[in-house]
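> This is the structure, below, for whatever I ask next.
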Amino acid sequence: MKVMGHRGAKDEFPENTLKSIKFALDVGCSAVEIDVHLSSDNKIVVIHDDTVDRTTNGKGKVLQLSSDELRGLDAGQGEKIPYLAEVLDLIKSRNCELVIEVKAANLEEKLISLLKEKEMIEKVSVISFNHRIVKRIKELCPQIKTACLLYGLPVDAVAIARAALADGLSICVATVDKELVDQCHKEGIYVAAWNVNDKESFAYFKQMGIDFLGTDKPSIIAPLA
Numbered sequence: 009m010k011v012m013g014h015r016g017a018k019d020e021f022p023e024n025t026l027k028s029i030k031f032a033l034d035v036g037c038s039a040v041e042i043d044v045h046l047s048s049d050n051k052i053v054v055i056h057d058d059t060v061d062r063t064t065n066g067k068g069k070v071l072q073l074s075s076d077e078l079r080g081l082d083a084g085q086g087e088k089i090p091y092l093a094e095v096l097d098l099i100k101s102r103n104c105e106l107v108i109e110v111k112a113a114n115l116e117e118k119l120i121s122l123l124k125e126k127e128m129i130e131k132v133s134v135i136s137f138n139h140r141i142v143k144r145i146k147e148l149c150p151q152i153k154t155a156c157l158l159y160g161l162p163v164d165a166v167a168i169a170r171a172a173l174a175d176g177l178s179i180c181v182a183t184v185d186k187e188l189v190d191q192c193h194k195e196g197i198y199v200a201a202w203n204v205n206d207k208e209s210f211a212y213f214k215q216m217g218i219d220f221l222g223t224d225k226p227s228i229i230a231p232l233a
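Counting from 9, one number per residue, gives the positions in the sequence shown under the numbering used here.
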């Protein structure tokens with residue numbers, strides 16, 4: 009099972025920053041999850057929300073701000089909002105997987121182009137709650153690993169993955185169970201669950217056979233893997 013740092017190390021350093029991502033890797037995460045949006049000048053930037061209000065000292069919608077304006081903000085502890093390209097450069101030399109959650113539409117082709125340019129197709133997986141995006145990514149580049157994000161548990165989760173041409177499902181820990189994990193594995197679909205932050209929960213989901221387990225506290229969870 010791979011431990012996946014959620015937004016880097018969300019509860020330990022400013023989320024989705026290079027410092028947070030590096031920390032997650034340094035304490036032993038074998039995967040790191042980040043979120044991406046487009047800036048007004050069509051740059052892929054790493055931030056969770058569609059506004060900068062919560063995570064920076066600025067205000068406004070990400071899509072309405074230029075990359076220079078976004079980079080001028082403090083994302084916490086003096087960190088800047090990273091370009092995706094910077095994160096790819098950081099990850100490239102590490103023995104880990106980068107999980108990219110696409111938060112906005114219309115960046116699929118640009119994302120694939122950047123991943124190919126950085127020779128990172130084999131080291132990333134792309135996930136989204138928008139399953140049309142997941143399907144589009146797979147159609148554009150079949151070798152990219154993809155997964156559908158799910159909040160709740162639908163009647164037929166496997167059918168959702170199949171419809172989106174996805175390789176996996178990424179599910180909230182509140183709804184994932186061993187029956188679903190076993191069903192997915194039988195169908196060749198991997199399962200990620202998010203997020204656990206204590207040792208007892210880690211042990212519970214590890215015995216369930218989860219493939220990726222997200223955490224906001226990599227320093228606690230990664231050493232257990």
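Where a beta carbon is used, it is the ideal one built from N, C-alpha and C, also for glycine.
Start and end of the alpha helix (DSSP H) containing Asp34?
Looking at the DSSP string, the run of the alpha helix (DSSP H) that includes Asp34 is Leu26 to Asp34.
> Give me, in chain order, the residues of the same chain whose beta-carbon lies closer than 8 Å to that of Pro231; leave out the 5 immediate sequence neighbours on both sides.
Only Val35 and Gly36 meet the Cβ criterion.
> Just grab the DSSP bridge partners of Leu96 for me.
Paired residues: none, contrary to the question.
> Run through the DSSP bridge pairs and tell me what Cys235 is partnered with.
Given that the chain is displayed from residue 9 to residue 233, the structure contains no residue 235 and the question cannot be resolved.
> Per DSSP, which one or two residues make a beta bridge with Lys14?
In the sequence under discussion, the amino acid at residue 14 is His, which differs from the Lys named in the question. Its beta-bridge partners are Glu41.
> So is Ala83 buried or exposed if we call it buried at 16+ other beta carbons inside 10 Å?
Its Cβ being crowded by 16 or more others within 10 Å, Ala83 is buried.
> Per the contact definition of three or more C-beta pairs closer than 8 Å, is the region 59–75 in contact with the region 136–151?
No, they do not touch.
> Taking buried to mean at least 16 other C-beta atoms within 10 Å of its own C-beta, is Ala17 buried or exposed?
That one is buried.
> What residues in its chain sit with their C-beta under 7 Å from that of Cys240, if we drop five residues either side in the sequence?
What is shown of the chain runs 9 to 233, which leaves residue 240 out entirely.
> Which residue marks the beginning of the alpha helix (DSSP H) containing Glu77, and which one marks its end?
From DSSP, the alpha helix (DSSP H) with Glu77 extends over Ser75 to Arg79.
> Per DSSP, which one or two residues make a beta bridge with Lys69?
Partner(s): Thr59.
> Among Val166, Pro162 and Val132, which has the Cα closest to the Cα of Ile152?
When each option's Cα is compared against that of Ile152, the closest is Val132.
> Could you check if Tyr198 is buried or exposed, using at least 16 other CB atoms within 10 Å of its CB as the buried criterion?
By the neighbour-count rule (16 or more Cβ atoms within 10 Å), Tyr198 is buried.
> Looking only at DSSP bridge pairs, what is Tyr159 linked to?
Answer is none; Tyr159 lacks a bridge partner.
> Would you mind giving the Cβ-Cβ distance between Ile52 and Tyr91, rounded to the nearest angstrom? I have them listed as a contact below 8 Å.
Right, their Cβ atoms sit about 7 Å apart.
> Take Lys69 and list the residues in its own chain whose beta-carbon comes closer than 7 Å to its own, dropping the five residues that flank it on each side.
So the list reads Asp58 and Thr59, once near-sequence residues are dropped.
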